[in-house]
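Quick notes on the structure that follows.
There are 2 protein chains.
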Amino acid sequence: MPFTDQLRSETSALYTDLYQLTMLQAYWREGMDETAVFDLFVRRLTDRNYLLACGLEQALEYLEHLSFSDEALDYLDEQDQFDPSFLEWLSDFAFTGNVYAVPEGTPVFPDEPIVEVVAPIGEAQLAETFLLNQITFQTLAASKASRVVQAAHQGGTDRLVADFGMRRMHGTDAALKAARAFYIAGVDATSNVAAGKAYGLPITGTMAHSYIEAHDAEMDAFREFSDLYPETILLVDTYDTLDGVRKVIAMAEENGEDFRIRGIRLDSGNLAELAKQSRRLLDDAGLEDVMIFASSGLDEHKIARLLDQGAPIDGFGVGTKMGTSADQPALDSVYKLCGYAGQPRMKLSAQKSNLPGRKQIIRQYEDGTARRDVIVTEDENGHPGAPLLDRVMTDGERTEVGAARPLDAVREHAAARVSELPDRLHTLGHSEESYDVVLSDEMEARLNDTRADLHEAMREELS
Amino acid sequence: MPFTDQLRSETSALYTDLYQLTMLQAYWREGMDETAVFDLFVRRLTDRNYLLACGLEQALEYLEHLSFSDEALDYLDEQDQFDPSFLEWLSDFAFTGNVYAVPEGTPVFPDEPIVEVVAPIGEAQLAETFLLNQITFQTLAASKASRVVQAAHQGGTDRLVADFGMRRMHGTDAALKAARAFYIAGVDATSNVAAGKAYGLPITGTMAHSYIEAHDAEMDAFREFSDLYPETILLVDTYDTLDGVRKVIAMAEENGEDFRIRGIRLDSGNLAELAKQSRRLLDDAGLEDVMIFASSGLDEHKIARLLDQGAPIDGFGVGTKMGTSADQPALDSVYKLCGYAGQPRMKLSAQKSNLPGRKQIIRQYEDGTARRDVIVTEDENGHPGAPLLDRVMTDGERTEVGAARPLDAVREHAAARVSELPDRLHTLGHSEESYDVVLSDEMEARLNDTRADLHEAMREELS
Numbered sequence: 000m001p002f003t004d005q006l007r008s009e010t011s012a013l014y015t016d017l018y019q020l021t022m023l024q025a026y027w028r029e030g031m032d033e034t035a036v037f038d039l040f041v042r043r044l045t046d047r048n049y050l051l052a053c054g055l056e057q058a059l060e061y062l063e064h065l066s067f068s069d070e071a072l073d074y075l076d077e078q079d080q081f082d083p084s085f086l087e088w089l090s091d092f093a094f095t096g097n098v099y100a101v102p103e104g105t106p107v108f109p110d111e112p113i114v115e116v117v118a119p120i121g122e123a124q125l126a127e128t129f130l131l132n133q134i135t136f137q138t139l140a141a142s143k144a145s146r147v148v149q150a151a152h153q154g155g156t157d158r159l160v161a162d163f164g165m166r167r168m169h170g171t172d173a174a175l176k177a178a179r180a181f182y183i184a185g186v187d188a189t190s191n192v193a194a195g196k197a198y199g200l201p202i203t204g205t206m207a208h209s210y211i212e213a214h215d216a217e218m219d220a221f222r223e224f225s226d227l228y229p230e231t232i233l234l235v236d237t238y239d240t241l242d243g244v245r246k247v248i249a250m251a252e253e254n255g256e257d258f259r260i261r262g263i264r265l266d267s268g269n270l271a272e273l274a275k276q277s278r279r280l281l282d283d284a285g286l287e288d289v290m291i292f293a294s295s296g297l298d299e300h301k302i303a304r305l306l307d308q309g310a311p312i313d314g315f316g317v318g319t320k321m322g323t324s325a326d327q328p329a330l331d332s333v334y335k336l337c338g339y340a341g342q343p344r345m346k347l348s349a350q351k352s353n354l355p356g357r358k359q360i361i362r363q364y365e366d367g368t369a370r371r372d373v374i375v376t377e378d379e380n381g382h383p384g385a386p387l388l389d390r391v392m393t394d395g396e397r398t399e400v401g402a403a404r405p406l407d408a409v410r411e412h413a414a415a416r417v418s419e420l421p422d423r424l425h426t427l428g429h430s431e432e433s434y435d436v437v438l439s440d441e442m443e444a445r446l447n448d449t450r451a452d453l454h455e456a457m458r459e460e461l462s
Numbered sequence: 000m001p002f003t004d005q006l007r008s009e010t011s012a013l014y015t016d017l018y019q020l021t022m023l024q025a026y027w028r029e030g031m032d033e034t035a036v037f038d039l040f041v042r043r044l045t046d047r048n049y050l051l052a053c054g055l056e057q058a059l060e061y062l063e064h065l066s067f068s069d070e071a072l073d074y075l076d077e078q079d080q081f082d083p084s085f086l087e088w089l090s091d092f093a094f095t096g097n098v099y100a101v102p103e104g105t106p107v108f109p110d111e112p113i114v115e116v117v118a119p120i121g122e123a124q125l126a127e128t129f130l131l132n133q134i135t136f137q138t139l140a141a142s143k144a145s146r147v148v149q150a151a152h153q154g155g156t157d158r159l160v161a162d163f164g165m166r167r168m169h170g171t172d173a174a175l176k177a178a179r180a181f182y183i184a185g186v187d188a189t190s191n192v193a194a195g196k197a198y199g200l201p202i203t204g205t206m207a208h209s210y211i212e213a214h215d216a217e218m219d220a221f222r223e224f225s226d227l228y229p230e231t232i233l234l235v236d237t238y239d240t241l242d243g244v245r246k247v248i249a250m251a252e253e254n255g256e257d258f259r260i261r262g263i264r265l266d267s268g269n270l271a272e273l274a275k276q277s278r279r280l281l282d283d284a285g286l287e288d289v290m291i292f293a294s295s296g297l298d299e300h301k302i303a304r305l306l307d308q309g310a311p312i313d314g315f316g317v318g319t320k321m322g323t324s325a326d327q328p329a330l331d332s333v334y335k336l337c338g339y340a341g342q343p344r345m346k347l348s349a350q351k352s353n354l355p356g357r358k359q360i361i362r363q364y365e366d367g368t369a370r371r372d373v374i375v376t377e378d379e380n381g382h383p384g385a386p387l388l389d390r391v392m393t394d395g396e397r398t399e400v401g402a403a404r405p406l407d408a409v410r411e412h413a414a415a416r417v418s419e420l421p422d423r424l425h426t427l428g429h430s431e432e433s434y435d436v437v438l439s440d441e442m443e444a445r446l447n448d449t450r451a452d453l454h455e456a457m458r459e460e461l462s
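Quick mapping for you: the protein sequence lines, in order, are chains A and B.
Residue numbers for the first sequence follow numbering that gives the first Met the number 0, beginning at 0 and rising by one.
Residue numbers for the second sequence follow numbering that gives the first Met the number 0, beginning at 0 and rising by one.
As structure tokens, then:
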């Protein structure tokens, strides 16, 4: 089984919550197989001015390959909750619906559907858990990385950002998918070799303290490593940072024209101060081309502070805080029934509502800047702007626009779309004035009508 | 490929940071293959009074099966950094070292090695990323869940706790491994069907709002679902919680002796108030046996508050906040070189130090309560108490004590060891008086000697 196919494994249909399967059986038994509309969206933003949609590719791969293996069916049979004829029906199960989605790398806002699934209700329901799992987490990762990249590019300089987060991320799937999401958001490379292979990402790395410590002297380690990797980045802070820098300078003097070390890495202490002192030592020795990389507990705020302090840092290795989106480790994402059998549906529970029916998002521009989004009903015309939802799957098959896209194209799309956002959304702080997402008159009317109908139905049921 | 074997896939050796591979080549080229000692430990605790060690089983599976497939070697070959004869050597690579570890489900504290790897330096180095990735995340998950279970069992009542977190956890591996870690920590069941299958965990679930909404009336949905699943738990808050409860009561009156509904679930609104009102309605109707389950943004603090308010809740569905360990989404875990070629090693960088050499942890008890841990050198005798580190692998093969253990045994071990901790560590708040972890005189002397030797060596190198 090829590596990237792991998630298409024989039991992928079991990557779901049990209740999706019990509800599926109930729908099957009740003969409820009319078309449902489900929206996947985020209810609110906390400490983010926008989200960067991500994870659609894995969602579509899943829907294309969703099936129940014999092994999965045997397991379900053991649960004593499923009828043999239902399990028989599951053995032929496939996703046959339509999917509408915002392209990966597009900024999105609360209430806007990132994915809209239109399918027989049981199929759409079953997919909820995996779709939420992948799109929530990947959108979270891309959104965090977009901020880190924003901070690192302060003043228009494209400083390098590398993902060093694998060791403290939540498992292997997180490490793979986040490395991909980070790249889409503008991160330049990852240390994660498996992610490099799976997605064709640039991989990068320097050296660890343990390598230095295993040698009798720091200088021996530097010489050996750069002999093997002449353009490497040397980690200089194992014992004393500036002593480490002086050793690099001594090597340059020894090696003359053969000296090709690309940079040094600082991983502890006062990074701003040490970067300045290191820069001075290197420059005084004529080593203006030797770059300074920094790592150690970095996030967008620390990077911004370092650059504000004038730290001459050329690249950042960012680990745990980006890798776990530490300040905001989950999004308030949901997957809500918006329609069934041609009728709009919604939930009335306080603060857990949704927009009924199918819809489209229109992004409206002024002078090249995105000014507001209008959520309209699916068949409305007359709203100027760019529609965001594409039809990416028809009857369970990908459409042309739903085909897998080269990652570099997604990355370019993300950079272009993020740059179109109003400047106030590019700040790391919370923008006082949030981006406007409004409902069209028709959508507003549908919302009110649906709510009124539901209240009426409740009254009838109770009377 | 069987499902639980996913991580033994042909490319598992690529689940690493690139620098582990470049360092491995450097060690190979330099002929450095003497034995290294690496400790995996957590440097400090934030908002936790103890950690529950978890993830060893996956770490050992990885070390047992670690190898480079042809596909992996081809990928490395494309990177233009690796010598063909090194890649040839990798094709026969296997982990041949010894491993010492604290059993899964054991409470641990800062500086205590959870795993100690003793192996040829390149082998031990390569394993760093995967071991940190799995043990950090799983220990994080078990530690968070231990607090949630503690809160739910307030007053000595074993209220149920179910993991509902898959949808917002960080990918599929996180959802699988955390469900296992939660079970070890005392969580009773998971909604994640794949985790149920992979690890034999009890799986559970109720119904979603969308199921109710897809029916014309809430009562129809209740009747259909309970006809199929007579002992189900009905979600009552889709439209109006107490109206929902009254419908359950009406069903009980309709069905008489055949009524077997196990409970109701509340998922929005003022849970304490709604639980009390629901309990009253149910009790007045003679339905004392119908349990009340609650979900919606729960964590240990919210559960404790609900119970403090006297909410008559019998079980909790806990999702995102436990699933992402939201208040603390990573541990400050590290994997540090402590010895090489028989010599103790350490890093001098400020605040990033480690204890040199091999070691043992002795847990000392008074009247059945754990009073303090002493970190001793590996060959010390004469410290009363229970040693925590077992030898789980010898020459790359599991020892008897390192064999996979039944999950229920691990869960029982965890419950017993957590209950032995001093009461002050069982509070959800930060215990003012932290648990004592001290160094033996011999360990203290080794630390001082190693530090002095390193300073001396630095002086010599610079002079």
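Glycine is no exception: its CB is placed at the ideal position from the N, C-alpha and C atoms.
Computed from a predicted model, the values in this text were never measured in an experiment.
Three or more C-beta pairs under 8 Å: does that hold for the stretch 435 to 448 of chain B against the stretch 202 to 218 of chain B?
In this structure the stretch 435 to 448 of chain B does not lie against the stretch 202 to 218 of chain B, because fewer than three pairs of beta carbons, one per stretch, are closer than 8 Å.
Curious, which full-length alpha helix (DSSP H) runs of at least 4 residues does the stretch 119 to 199 of chain A contain?
120 to 125, 127 to 151, 170 to 184, 192 to 198
Can you pull out the residues from the stretch 235 to 264 of chain B whose beta carbon lies closer than 9 Å to at least one beta carbon of chain A?
D236, T237, Y238, D239, T240, D242, R245, K246
Selected residue, minimal CA-CA separation from A:T240, among A:R261, A:K301, A:L273
A:L273
Should the stretch 145 to 160 of chain B be called in touch with the stretch 333 to 341 of chain B, which here means at least 3 C-beta pairs below 8 Å?
no
So B:A251 and B:A284 are supposed to be a Cβ contact under 8 Å. How far apart are they, rounded?
6 Å between Cβ atoms; contact.
Under the three-state DSSP convention, the category B:T3 falls into:
Model confidence at B:T3 stands at a pLDDT of 38, short of 50, so the residue's coordinates are unreliable and nothing is read from them.
Step through the CB atoms of chain A and report whether any lies within less than 7 Å of the CB of B:L406.
no
Per-residue burial, A:S142 [other beta carbons within 10 Å of its own, 16 or more giving buried]
buried
Looking at the secondary structure, which residues open and close the beta strand (DSSP E) in which A:M392 lies?
389 to 393
Between B:A12, B:S324, B:A180, which lies nearest to B:D46 when the distance is taken from Cα to Cα?
B:S324
Can you tell which of A:D326, A:A413, A:S11, A:S209 has the C-alpha that lies nearest to the C-alpha of A:V107?
A:A413
6 Å Cβ shell around A:E460 - same chain, five flanking residues per side excluded
none
If we define contact as Cβ-Cβ less than 7 Å, is A:A385 a contact residue for chain B?
no
So, with DSSP's three-state summary, where would you put A:K346?
coil
Which residues in chain B have a C-beta closer than 9 Å to the C-beta of A:M457? List them in chain order.
A216, E217, Y238, D239, D242
Tell me, which residues are paired with B:L292 by DSSP?
It should be noted that the sequence gives Phe, not Leu, for residue 292 of chain B. In DSSP, B:F292 forms a bridge with B:R264, B:G314.
Give me the subset of the stretch 15 to 30 of chain A whose CB atoms are less than 9 Å from a CB atom of chain B, sorted by chain position.
From the stretch 15 to 30 of chain A, only T15, D16, L17, Y18, Q19, L20, T21, M22, Q24, A25, Y26, R28, E29 have a Cβ closer than 9 Å to chain B.
So which residues of chain B does A:D172 contact, with C-beta pairs closer than 8 Å?
H169, G170, T171, D172, A173
Going by C-alpha to C-alpha distance, which of B:M168, B:D162, B:A193 sits closest to B:A184?
B:D162
Give me, in chain order, the residues of the same chain whose beta-carbon lies closer than 7 Å to that of A:R344; leave out the 5 immediate sequence neighbours on both sides.
L336, C337, G338, P355
Which class does B:G243 belong to by DSSP, given the choice of helix, strand or coil?
helix
Just to confirm, is the Cβ distance from B:D326 to B:R371 under 7 Å?
no
Contact criterion: CB-CB distance below 7 Å. Does B:K196 meet it with respect to chain A?
yes
Of all the CB atoms in chain B, is at least one closer than 7 Å to the CB of A:H300?
no
For B:K346, decide whether its Cβ has a neighbour in chain A, counting only Cβ atoms nearer than 7 Å.
yes
Compute the distance between the beta-carbons of B:G268 and B:I232, then report whether it is under 7 Å.
no
Do the stretch 79 to 88 of chain B and the stretch 17 to 32 of chain B make contact, defined as three or more Cβ pairs closer than 8 Å?
yes
Alpha-carbon to alpha-carbon, B:G170 and B:G322:
11 Å
Outcome for B:A340 when other beta-carbon atoms lying within 10 angstroms are tallied against a minimum of 16:
exposed
Give the single residue among A:G384, A:K346, A:L438, A:T368 whose Cα lies nearest to the Cα of A:T449.
Closest option to A:T449, Cα to Cα, is A:K346.
Environment of B:E127 [buried if 16+ CB atoms lie within 10 Å]
buried
Exposed unless 16 or more other CB atoms sit within 10 angstroms - verdict on B:R357
buried
Check this for me: beta carbons of A:V192 and B:L13, under 7 Å apart or not?
yes
According to the Cβ coordinates, are A:A265 and A:D236 closer than 7 Å?
The sequence as given places Leu at residue 265 of chain A; Ala does not occur at that position. Yes, the pair counts as a contact, with Cβ atoms nearer than the cut-off.
Run down chain B in chain order and give the residues with a C-beta less than 7 Å from the C-beta of A:L13.
V192, A193, K196
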